[in-house]
Amino acid sequence: MFHVVSKILFVLTTPIVWIFILFIAAVTVKNTKRKKYFLIAGFATFYLFSNSFVFDEIVGAWEPEMNTVSIHEKYDLAIVLGGYSDFAPGVKQVNFGATADRLNAVLPLYESGQVKRILLSGGAGNLYDFNGAEAEYITEYLKSIGVKSKHIIVEPKSRNTYQNAVEAKRIIDSLGIESNVLLITSTTHMKRSSACFDKQLIKYDEYRVDGLTGERKFYLDHLFIPNAETLFKWNIIIHEWLGLISYKIAGYI
102 MFHVVSKILF VLTTPIVWIF ILFIAAVTVK NTKRKKYFLI AGFATFYLFS NSFVFDEIVG
162 AWEPEMNTVS IHEKYDLAIV LGGYSDFAPG VKQVNFGATA DRLNAVLPLY ESGQVKRILL
222 SGGAGNLYDF NGAEAEYITE YLKSIGVKSK HIIVEPKSRN TYQNAVEAKR IIDSLGIESN
282 VLLITSTTHM KRSSACFDKQ LIKYDEYRVD GLTGERKFYL DHLFIPNAET LFKWNIIIHE
342 WLGLISYKIA GYI
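If you're matching positions, the sequence shown starts at 102 in the working numbering and goes up one per residue.
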């Protein structure tokens, strides 16, 4: 139930939905003054949330920085949190999304021997489980590119970050691992992830990848021109902010 409610709440709190509602209101209301108000509000909301400079300034103050893993560190287990891909069963093809760096980051570490085993944590993240658990089809993908089956641990049950942590704790305890664990996820997702893993008393190092912001830019297009990608990025940030609030209320963190 929590999973369903959180998905619905996320849809209703995305900027593109707000903009759509404001423009629909501008078209449907008969009062000329209100029509003008909704139209201005719609354009203002669109410009604000599609402005890359505004996004970087606000989100950059909140988002943790990306980091690297020391070449001297060795890890018994790397936990890769899901939510970075989809599967097309008709052609048996994995479609990677914007957060695929979560998976990409672990591969060089595995190949160099810094990571012994990879825990793929993630079931079906959407409301309609048509394509199976992400951890299962990514396992097949990893095997196809040379990762040994004995080095892959599949956790296909979790559907959110809290469940990722709970299931990871169960697996870590069953393996008898007390330290030398690496947690890999996107920078924006790490605050919620680390809070959940701390709640489960898991000892780990963070590997933050896929940052949404970087150095401050003063290019003309970055300062003034609306950007569709920036509008999409706000969905990611608002999702995380809502996640932190709802997890706190639910006692997950």
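Ideal placement from N, C-alpha and C gives every residue a C-beta, glycine not left out.
Please report the distance separating the alpha-carbon of residue i from that of residue j.
i	j	result
I272	W163	31 Å
I239	A127	45 Å
R135	D311	42 Å
L276	I120	49 Å
G344	F325	30 Å
Y308	M167	8 Å
P327	L221	37 Å
K175	H323	40 Å
V195	A206	17 Å
L110	I117	14 Å
S153	A201	22 Å
V216	F188	26 Å
I254	S151	40 Å
I278	P190	35 Å
K304	F319	40 Å
G233	K137	47 Å
E158	S280	36 Å
T129	P165	43 Å
G214	H173	11 Å
A145	L123	10 Å
D177	V248	15 Å
Y82	R203	The structure shown does not extend to residue 82, since the chain spans only 102 to 354, so no value can be given for it.
W342	G315	20 Å
Can you give me the Cβ contacts of residue i inside the same chain, cut-off strictly under 8 Å, excluding the 5 residues immediately before and after it?
i	result
K334	F156, V160, L313
Y348	T262, Y263, R293, A296, C297, I354
G352	none
Less than 6 Å between C-beta atoms, sequence neighbours within five positions excluded: which residues of the same chain meet that for residue i?
i	result
A296	I354
F147	I120
L140	A127
N265	L182, S222, S259
So, is residue i buried or exposed, given that buried needs 16 or more other C-beta atoms within 10 angstroms?
i	result
A329	exposed
V192	exposed
G223	buried
R317	exposed
H252	exposed
P257	buried
T331	buried
V112	exposed
N132	exposed
L302	exposed
G143	buried
A225	buried
Can you list, in chain order, the residues of its chain with a C-beta nearer than 7 Å to that of residue i? Leave out the 5 residues immediately preceding and following it.
i	result
D274	none
N336	T115
I338	V160, T289
S186	V195, N196, F197, G198, A201, E235, I239
E237	V255, P257
L149	V155
S250	K244
Select from the options the residue whose C-alpha is nearest the C-alpha of residue i.
i	options	result
A269	I246, T133, G315, I219	I219
I246	I172, E279, I278, E212	E212
I180	T286, Q301, L345, K131	T286
K300	A142, A145, V267, I109	V267
H340	F319, K304, Y242, M291	M291
Pop quiz: residue i and residue j are said to be a contact at Cβ under 8 Å. What is the actual Cβ separation, rounded to whole angstroms?
i	j	result
L283	D306	5 Å
G183	E235	5 Å
V170	L210	6 Å
Please tell me whether, using a cut-off of 7 Å, the distance from the CB of residue i to the nearest non-hydrogen atom of the ligand ZN is below it.
i	result
H173	In the structure shown, the ligand ZN is absent, as is every other ligand, since no ligand is present at all.
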